[in-house]
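Sequential numbering from 213 applies to the sequence shown in the working numbering.
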Amino acid sequence: MRKLMLVVISLIALSLNSIRLSEAYDAAGSGEGFDKLVVLQQGVTYYGGLHLGQTFDNETDIFYGDFGVNTKIIGNGAVIDLQHERIMIAYTDIQFEILDCVIINGNLRFYGNSSSGSEIYPSGLVEYVTFYNNDDYAIRTLACGNDITIRNNIFFNAVNTGDDFLQYNSEQNVFLTTGANFAISYQGTSNPASQIYDNWSYFSRDAINQNPLYHFTLYCDYG
């Protein structure tokens, strides 16, 4: 009975110290030159994903939704449990920055559109973030990269969930394997690796940790 009460108390404490990441985003005002300045609180767990930008409908071949707004997330050491969702900045030219937090159970993705006549790329900064047990990858960029800086981060144990999907038709491709801490776009940018430095990548399994392709993978966007 005592153990049961302790579990119940722990669950109540967890529920009182957690909030949806999307709710924190919606409540945020502007600041530091950003339309949305999201300041997280230390000791609070933020959960669920966040989508900024457009979505592509492969059945109608149309991008829909708005472009979102320039956003900065200051983590203050908070934990973001994506719960197998993702933070997605897609098909937009906004600036997105995220600093000083822990991201688990999901991934961070930047998607651009490099198709003829409609090129659009997000820009951003990822700094002092610890990524742990991330689905697919810790960070994935696709058809973008030159204006995204990734530095001073820790990447630990990205999870292989099978083959990833192609950008526009949602078909799995055997050449897009998951499980790498970095999966960086080869197309849509002339020098995709130039803004990535001073990061630390590690896997707890020696066989994986000794393979550099699990730490850093350069992908063609279309497989």
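C-beta: ideal position from N, C-alpha, C; glycine also.
Integer Cβ distance of residue i from residue j, believed to fall under 8 Å
{"i": "asparagine 319", "j": "asparagine 346", "result": "5 Å"}
{"i": "tyrosine 333", "j": "arginine 363", "result": "Actually they are not in contact, since the Cβ atoms of tyrosine 333 and arginine 363 sit about 19 Å apart, beyond 8 Å."}
{"i": "asparagine 365", "j": "asparagine 411", "result": "5 Å"}
{"i": "glutamate 244", "j": "lysine 284", "result": "6 Å"}
{"i": "phenylalanine 377", "j": "cysteine 356", "result": "That pair is no contact at about 17 Å."}
Three-way DSSP call (helix, strand, coil) for residue i in this model
{"i": "alanine 419", "result": "helix"}
{"i": "cysteine 432", "result": "coil"}
{"i": "isoleucine 224", "result": "Since pLDDT at isoleucine 224 reaches only 41, below the 50 mark, its modelled position is unreliable, and the value read off the structure follows with that caveat. Isoleucine 224 falls in the helix class under three-state DSSP."}
{"i": "glutamate 383", "result": "coil"}
{"i": "valine 219", "result": "In this predicted model, valine 219 has a pLDDT of only 41, less than 50, meaning its place in the structure is not dependable enough to derive any value."}
{"i": "glycine 336", "result": "strand"}
{"i": "serine 413", "result": "strand"}
{"i": "glycine 243", "result": "strand"}
{"i": "valine 256", "result": "coil"}
{"i": "phenylalanine 268", "result": "strand"}
{"i": "phenylalanine 486", "result": "Missing from the structure shown is residue 486; the chain here goes from 213 to 435 and no further."}
{"i": "aspartate 347", "result": "strand"}
{"i": "serine 230", "result": "strand"}
Residue i to residue j span [Cα, whole Å]
{"i": "glutamine 407", "j": "phenylalanine 428", "result": "13 Å"}
{"i": "leucine 262", "j": "isoleucine 310", "result": "12 Å"}
{"i": "serine 222", "j": "alanine 236", "result": "Residue placement at serine 222 cannot be trusted, given a pLDDT of 43 that sits under 50; what the coordinates show is reported in the next sentence. About 23 Å."}
{"i": "alanine 395", "j": "isoleucine 274", "result": "26 Å"}
{"i": "isoleucine 420", "j": "arginine 352", "result": "19 Å"}
{"i": "tyrosine 349", "j": "glycine 324", "result": "17 Å"}
{"i": "lysine 215", "j": "asparagine 229", "result": "Residue placement at lysine 215 is flagged as unreliable, the pLDDT there being 46, under the threshold of 50; the coordinate-derived value follows with that caveat. Distance between the alpha carbons of lysine 215 and asparagine 229 is about 21 Å."}
{"i": "threonine 267", "j": "glycine 336", "result": "19 Å"}
{"i": "glutamine 254", "j": "asparagine 288", "result": "5 Å"}
{"i": "phenylalanine 301", "j": "glutamine 379", "result": "The sequence as given places isoleucine at residue 301; phenylalanine does not occur at that position. Approximately 14 Å between the Cα atoms of the pair."}
{"i": "glycine 280", "j": "serine 413", "result": "31 Å"}
{"i": "valine 445", "j": "threonine 342", "result": "Since the first and last residues shown for the chain are 213 and 435, residue 445 lies out of range."}
{"i": "valine 251", "j": "isoleucine 292", "result": "13 Å"}
{"i": "leucine 249", "j": "aspartate 238", "result": "10 Å"}
Range covered by the beta strand (DSSP E) that runs through residue i
{"i": "aspartate 375", "result": "375 to 377"}
{"i": "alanine 355", "result": "Segment: none, alanine 355 is in no beta strand (DSSP E) and carries neither H nor E."}
{"i": "alanine 370", "result": "Neither: alanine 370 is in no beta strand (DSSP E) and is coded neither H nor E."}
{"i": "tyrosine 323", "result": "307 to 323"}
{"i": "isoleucine 301", "result": "291 to 302"}
{"i": "phenylalanine 275", "result": "274 to 276"}
{"i": "leucine 264", "result": "262 to 265"}
{"i": "valine 251", "result": "248 to 251"}
{"i": "asparagine 393", "result": "392 to 397"}
Proximity test, Cβ basis, 9 Å: residue i and chain D
{"i": "glutamine 266", "result": "Among the protein chains of the structure shown there is no chain D, as only one such chain exists."}
Residue range of the unbroken alpha helix (DSSP H) whose run includes residue i
{"i": "glutamate 235", "result": "233 to 239"}
{"i": "tyrosine 426", "result": "424 to 427"}
Residue i vs residue j beta-carbon contact at 9 Å
{"i": "tyrosine 258", "j": "alanine 290", "result": "yes"}
{"i": "asparagine 282", "j": "isoleucine 306", "result": "yes"}
{"i": "tyrosine 426", "j": "phenylalanine 415", "result": "yes"}
{"i": "aspartate 375", "j": "threonine 361", "result": "no"}
{"i": "phenylalanine 368", "j": "tyrosine 398", "result": "no"}
{"i": "leucine 233", "j": "glycine 265", "result": "no"}
{"i": "aspartate 269", "j": "isoleucine 286", "result": "no"}
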